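J.: The working numbering numbers the first residue of the sequence shown as 1482 and each following residue consecutively.
Note that CB positions come from ideal geometry on N, CA and C, so glycine has one too.
Keep in mind the model is a prediction, meaning the values are calculated, not measured.
Handing you a structure now.
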Amino acid sequence: MLLEFFLTTLRRDGYEVLVSINGREALDLVNSRHDRQIDILLSDVSMPYMGRIELPKALRQTRPDIQVLSTSRMPQQDVLNRAGGLTRSEFLAKFFSVTGFADKVRAIAAAIGSSENS
1482 MLLEFFLTTL RRDGYEVLVS INGREALDLV NSRHDRQIDI LLSDVSMPYM
1532 GRIELPKALR QTRPDIQVLS TSRMPQQDVL NRAGGLTRSE FLAKFFSVTG
1582 FADKVRAIAA AIGSSENS
């Protein structure tokens, strides 16, 4: 249900979306697509097999250009404390609105675009 929400919102806003069901699969998918630009990886803090802390660490080794946006039901400060190095711009607390989610993705995409143009 939440996956459908993400897919519908992102596709409606014109983003191409790749889907995986766990952290390991996400990492394999990203690493198999070196020929394609991937800007943002959306991950749940409690994603199976490789959660919020492990997935970004592994991703930074092979694809440091990809921004990670994490979601969680846990309070934001708890996630920030657990995940050292996670900034507020990379986190979206559940439960959020369609507008809140879309705004966060657009802000990250805009930051990526402005850093590429620098």
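What does DSSP give as the partner residues of F1572 in its beta bridges?
T.: BP columns for F1572 point to S1551.
J.: Rounding to the nearest angstrom, what Cα-Cα distance links S1513 and Q1542 in this structure?
T.: So the two alpha carbons sit approximately 14 Å from each other.
J.: Helix, strand or coil: how does DSSP classify L1523 here?
T.: If DSSP states are grouped into helix, strand and coil, L1523 belongs with the strands.
J.: Hey, could you find the ends of the alpha helix (DSSP H) Q1542 is sitting in?
T.: Looking at the DSSP string, the run of the alpha helix (DSSP H) that includes Q1542 is E1535 to T1543.
J.: Are R1492 and V1500 close, meaning C-beta to C-beta below 8 Å?
T.: Going by C-beta atoms, R1492 is not nearer than 8 Å to V1500.
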